[in-house]
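J.: Note that the working numbering has the sequence shown beginning at 27, numbered continuously upward. The beta-carbon is built from N, C-alpha and C at its ideal position, and this holds for glycine as well. Note that the coordinates shown come from a computational prediction; the quantities given were computed from them, not determined experimentally.
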Amino acid sequence: MRDGIHAPIDKDSRETSNVTLTNREQQILQLIAAGRSNEDIAKQLFLSQGTIKRYTHNLYQKLEVKSRVQAVARAQELNLL
Numbered sequence: 027m028r029d030g031i032h033a034p035i036d037k038d039s040r041e042t043s044n045v046t047l048t049n050r051e052q053q054i055l056q057l058i059a060a061g062r063s064n065e066d067i068a069k070q071l072f073l074s075q076g077t078i079k080r081y082t083h084n085l086y087q088k089l090e091v092k093s094r095v096q097a098v099a100r101a102q103e104l105n106l107l
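Below you can see the structure in the form of structure tokens.
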């Protein structure tokens, strides 16, 4: 294998998570992973966009990431998705 190319991650060999998400955070994370915008998530959950931004910010902190893409990737690594 060339340097920088890795074999696919085996789901059983992924890290286990010490990250604890609330039910609402888990729900929002799943919607983020599905590609939904904050506006769409807010409408679906009957919450304000500001509330969704707050939940997203909390998710980023818990997952130690800075973007939606990183959040989804990290959540997959930790078996949260």
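1. Can you find the residues in the same chain that come closer than 8 Å, C-beta to C-beta, to I54, ignoring five residues on each side of it along the sequence?
2. Can you check whether the CB of Q96 is closer than 9 Å to the CB of L104?
3. Taking buried to mean at least 16 other C-beta atoms within 10 Å of its own C-beta, is A101 buried or exposed?
4. Are L47 and L106 touching if we call contact CB-CB under 9 Å?
5. Where do the ends of the alpha helix (DSSP H) carrying L55 lie?
6. Assuming A59 contacts V98 under a Cβ cut-off of 8 Å, what Cβ separation, rounded to an integer in Å, is found between them?
T.: Result, derived from the coordinates:
1. Non-local C-beta neighbours of I54 in its own chain, meaning closer than 8 Å and more than five positions away in sequence, comprise I67, L71, I78, Y81, T82 and L85, ordered along the chain.
2. Pairing L104 with Q96 gives a Cβ-Cβ distance that is not under 9 Å.
3. Looking at its Cβ environment, which holds 16 or more other Cβ atoms inside 10 Å, A101 is buried.
4. In contact: L47 and L106 (Cβ atoms closer than 9 Å).
5. From DSSP, the alpha helix (DSSP H) with L55 extends over N49 to A59.
6. About 5 Å separates the CB atoms of A59 and V98; that is less than 8 Å, so the two are in contact.
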